[in-house]
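Colleague: Attaching a single structure in structure tokens format; questions to follow.
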């Protein structure tokens, strides 16, 4: 491939692609008088812009593409006559010397920078090479969906439960308000680096901002609460992976042994079953509208149930799989599977849509009093939803990094707002549809589980696919979370992200032990999410963004009472959100 410099009218060649690397090889050089003609004015693209970082000017091989080989109908002159003559001359000189002789090779310093080059292929296509920084920039639509994909986590499985805990009407209101509050606090984080004068903050993250305003204490506190969010996510993952592995294994066992009615939960009749794993929460159970499946008491089934238990055995089986993965020095292999998060969310949305269509809507509005089958529209347990939503809308510790890659920096606020809108609509869609379609009667709305997939039997094909897919996705994401914890902790304490295998192994054993213990004795992902969300949200969502903004306004002399009162109110809300979790 031939490279052409628009500024210097210099030709270079690029050999055929080899992997992801390019090598620039000049054929001729010179500065022409005509400085304005591009190689190909009508066709420009930046498809190969990511590859230009690998340009190597030190390896050269003569190569020339004749104009007759260009497939293009445009009458525009592609190569100036002067450049063509010069190219032929140096091409001729190149034949006079050995390939290892650099006597006639242009020196490195005259090779144009990447932004002045076209990549020119024999098929008649020329691509304008973008600069080094511009090559990694993303358009707004990519940035918006990157934020959406990052925020979409396990909290989506608890949205119906959270709405049930707060009441349908109040739950919808709280979800909207929490989305707006967390969006504003995230906006304050995004703008925090701009308020620091006389310092280049282009490569700063929010912990650096906290250190600037509050010293090492601010940096350590931000690190501590970041660890809480990451450890909380890993614990939730361990509980969910135990759940998904249990139900996946149960489905396979029942299919292989032709066990058609192995579930012992109460549930609805018909092909589209919905179950209530803990029916004792319903004081007015109507057994005529439900069916109780009796477990097969054969020896094989009893033995299987003994060794395949959701809380007593499965959490320990996961150690064999996940502990070795956590000890990998690099997490690059697992990073290749991060795209699965998008597909899992899309599949969950499809699953929710299909189930809502099959089950229909079952709603009655009782504003403050419970009935036999329905929960009131306003309940005092609403702080449980606020705790879940704090983590569900949490992206504050990495929003600066995500927005750095936005191509149009002037649209950062707009793109952030659209991303939060998309996230909020996704949570609303899943939470409202599952709550509304939950069959009451015959079941009680309070039967909705913290993981709404638990309200469907293990024999459900669509739910089985969702569980198996999520199990694989979480297995690949779990080592990434452990890698983030390791890098931050080891760098802070030892100055090296992998000081030794022993250090890393001890840290991973502690993380795994926490996950196993909670999956064994307290496998309630709704409560785990709300506690970890309220704890890390207190610092990184409410306190630090507000405190940084207030301190910046005070230093610039722009602090006013309305702004001070509002941001102090946000801090109080964060503290109340955390304290309320311990009284629910």
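Numbering (the numbering used here), first residue to last: 951 to 1534.
Backbone N, C-alpha and C fix where the C-beta goes; we use that ideal spot for every residue, glycine too.
Model, not experiment: these values are computed from the prediction.
(1) Confirm, please, whether the CB-CB distance from residue 1264 to residue 1192 is below 8 Å.
(2) Measuring alpha carbon to alpha carbon, tell me which residue in 1367, 1314, 1508, 1518 is nearest residue 1117.
(3) Which two residues bound the contiguous alpha helix (DSSP H) that contains residue 1110?
(4) From 1122, 1169, 1259, 1180, pick the residue whose C-alpha is nearest to that of residue 1462; which is it?
(5) If you check the beta carbons only, do residue 1112 and residue 1338 fall under 8 Å apart?
(6) Helix, strand or coil, according to DSSP, for residue 1474 in the structure here?
(7) Report yes or no: do the stretch 1175-1189 and the stretch 1248-1260 share at least 3 C-beta pairs separated by less than 8 Å?
(8) Report the residue from 1414, 1521, 1153 whose alpha carbon sits nearest the alpha carbon of residue 1197.
(9) If you count every other CB in all the chains shown that lies within 10 Å of the CB of residue 1359, and 16 or more means buried, which is it?
(10) Taking only the alpha-carbon atoms, compute the straight-line gap between residue 994 and residue 1434 and give it to the nearest angstrom.
(11) What are the uninterrupted segments assigned as alpha helix (DSSP H) that are 4 or more residues long and contained completely in the stretch 1291-1367, given in chain order?
(12) Under 8 Å: do the stretch 1090-1101 and the stretch 1361-1375 share three or more Cβ pairs, one atom per stretch?
(13) Between the stretch 1327-1342 and the stretch 1118-1127, are three or more C-beta pairs nearer than 8 Å?
(14) For residue 1396, count the other beta carbons within 10 Å of its own beta carbon; 16 or more makes it buried, fewer makes it exposed. Which is it?
(15) Is it buried or exposed for residue 1321, if we count other Cβ within 10 angstroms and need 16 for buried?
(16) Straight-line CA distance for residue 1098 to residue 1143?
(17) Where does residue 1398 land, buried or exposed, given buried means 16+ other C-beta within 10 angstroms?
(18) Out of 1506, 1449, 1494, 1504, point me to the one whose CA is closest to residue 1134's CA.
(19) So if DSSP puts residue 1088 in a beta bridge, which residue, or which two residues, is it bridged to?
(20) Using the Cα positions of residue 1124 and residue 1377, report the straight-line distance between them to the nearest angstrom.
(21) Starting from residue 1489, trace the alpha helix (DSSP H) in both directions and tell me its first and last residue.
(22) Quick check: residue 1517 and residue 1528, are their CB atoms within less than 8 Å of each other?
(23) In whole angstroms, what separates the C-alpha of residue 1423 from that of residue 1287?
(24) Would the stretch 1460-1475 and the stretch 1272-1285 be scored as touching if the rule is three or more Cβ pairs under 8 Å?
Modeller: This is what the structure gives:
(1) yes
(2) 1314
(3) 1109-1116
(4) 1180
(5) yes
(6) coil
(7) no
(8) 1414
(9) exposed
(10) Only weak support exists for where residue 994 lies, its pLDDT of 38 falling under 50; the value from the coordinates is given anyway. Their backbone Cα atoms lie some 39 Å apart in a straight line.
(11) 1333-1342, 1349-1354
(12) yes
(13) yes
(14) buried
(15) exposed
(16) 23 Å
(17) buried
(18) 1494
(19) 1356
(20) 12 Å
(21) Premise fails: residue 1489 is in no alpha helix (DSSP H) and is neither H nor E.
(22) no
(23) 7 Å
(24) yes
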